[in-house]
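Chemist:
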Amino acid sequence: MSLKIRKNRAAALPPTCPVGECMVMLGGAWAPNIIWYLSGGPRRFSELKIDIPGISAKVLSTRLKDMEEKGAIERRIMPTSPPSVEYRLSDLGQEFVPAIHAIVEVGYKLKLRREAKLAKEAAQNVAQVELA
1 MSLKIRKNRA
11 AALPPTCPVG
21 ECMVMLGGAW
31 APNIIWYLSG
41 GPRRFSELKI
51 DIPGISAKVL
61 STRLKDMEEK
71 GAIERRIMPT
81 SPPSVEYRLS
91 DLGQEFVPAI
101 HAIVEVGYKL
111 KLRREAKLAK
121 EAAQNVAQVE
131 LA
């Protein structure tokens, strides 16, 4: 006996999926992190490398170039000696900041939920050991 396929009650997405459009911009590891740190203002490559532990220089360079090509960030060569480069969010990139903040809030809630579950499981394990 197979289960009946239920009707999807979600509103149909337009032919050009807006979620897909956003994910093209945010696709690739570290893009949300880069947006997060650039939301505080312009940053140099070395500063972003410190801000985002675990990212390699090669991946950071690739992500920055990709995000610049897509119009999410702007690259500015500073007139210093030696020349340095700053990255900042473009107007388009700024539009992602509220979404990133919302994702962070959900992340905090998920973390608290996971920690509470682990604490409950640990308490249950202690109680079982004490009963044994």
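Here the UniProt record's numbering is used: position 110 in the sequence shown is 110, and no number is missing along the way.
Note that CB positions come from ideal geometry on N, CA and C, so glycine has one too.
Using the Cα positions of residue 147 and L48, report the straight-line distance between them to the nearest angstrom.
Modeler: The structure shown does not extend to residue 147, since the chain spans only 1 to 132, so no value can be given for it.
Chemist: Helix, strand or coil for I77? Go by DSSP, reduced to three states.
Modeler: Residue numbering aside, residue 77 sits at position 77 when the sequence shown is read from its first letter. The answer is strand: DSSP assigns I77 an E or B state.
Chemist: Candidates A57, C17, S90: which alpha carbon is nearest E69's?
Modeler: Taking the first residue of the sequence shown as position 1, residue 69 is located at position 69. Comparing Cα-Cα distances from E69 to each of A57, C17, S90, the minimum goes to S90.
Chemist: Just the Cα atoms here: how many angstroms apart are R113 and A127?
Modeler: Residue numbering aside, residue 113 sits at position 113 when the sequence shown is read from its first letter. Residue numbering aside, residue 127 sits at position 127 when the sequence shown is read from its first letter. The alpha-carbon atoms of R113 and A127 are separated by roughly 21 Å.
Chemist: Taking the straight line between their C-alpha atoms, what separation do you get for R75 and P53?
Modeler: Here residue 75 refers to the residue found at position 75 of the sequence shown. Here residue 53 refers to the residue found at position 53 of the sequence shown. Between R75 and P53, the C-alpha separation is close to 22 Å.
Chemist: Quick one: using the 10 Å Cβ neighbour count with 16 as the cut-off for buried, is A119 buried or exposed?
Modeler: Locating residue 119 in the sequence shown gives position 119, where the first residue counts as 1. So A119 ends up on the exposed side.
Chemist: Considering only the alpha carbon of each residue, which of W36, I77, A31 lies closest to L60?
Modeler: As a position in the sequence shown, residue 60 is number 60, starting the count at 1. Out of W36, I77, A31, A31 has the C-alpha closest to the C-alpha of L60.
Chemist: Per DSSP, L64 is paired with what?
Modeler: In the sequence shown, residue 64 corresponds to position 64, counting from 1. DSSP lists no partner for L64.
Chemist: Under a three-way DSSP split, which group does S46 fall into?
Modeler: Along the sequence shown, read from residue 1 onward, the residue named residue 46 stands at position 46. Reduced to three states, the DSSP call for S46 is helix.
Chemist: Beta-carbon within less than 8 Å of M78's beta-carbon, same chain only, minus the 5 sequence neighbours each way: which residues are those?
Modeler: Counted from its first residue, the sequence shown places residue 78 at position 78. Once the five neighbours on either side are set aside, the close Cβ partners of M78 are S84, V85, E86.
Chemist: According to DSSP, is R88 part of a helix, a strand, or is it coil?
Modeler: Here residue 88 refers to the residue found at position 88 of the sequence shown. In this structure, R88 counts as strand in the three-state DSSP scheme.
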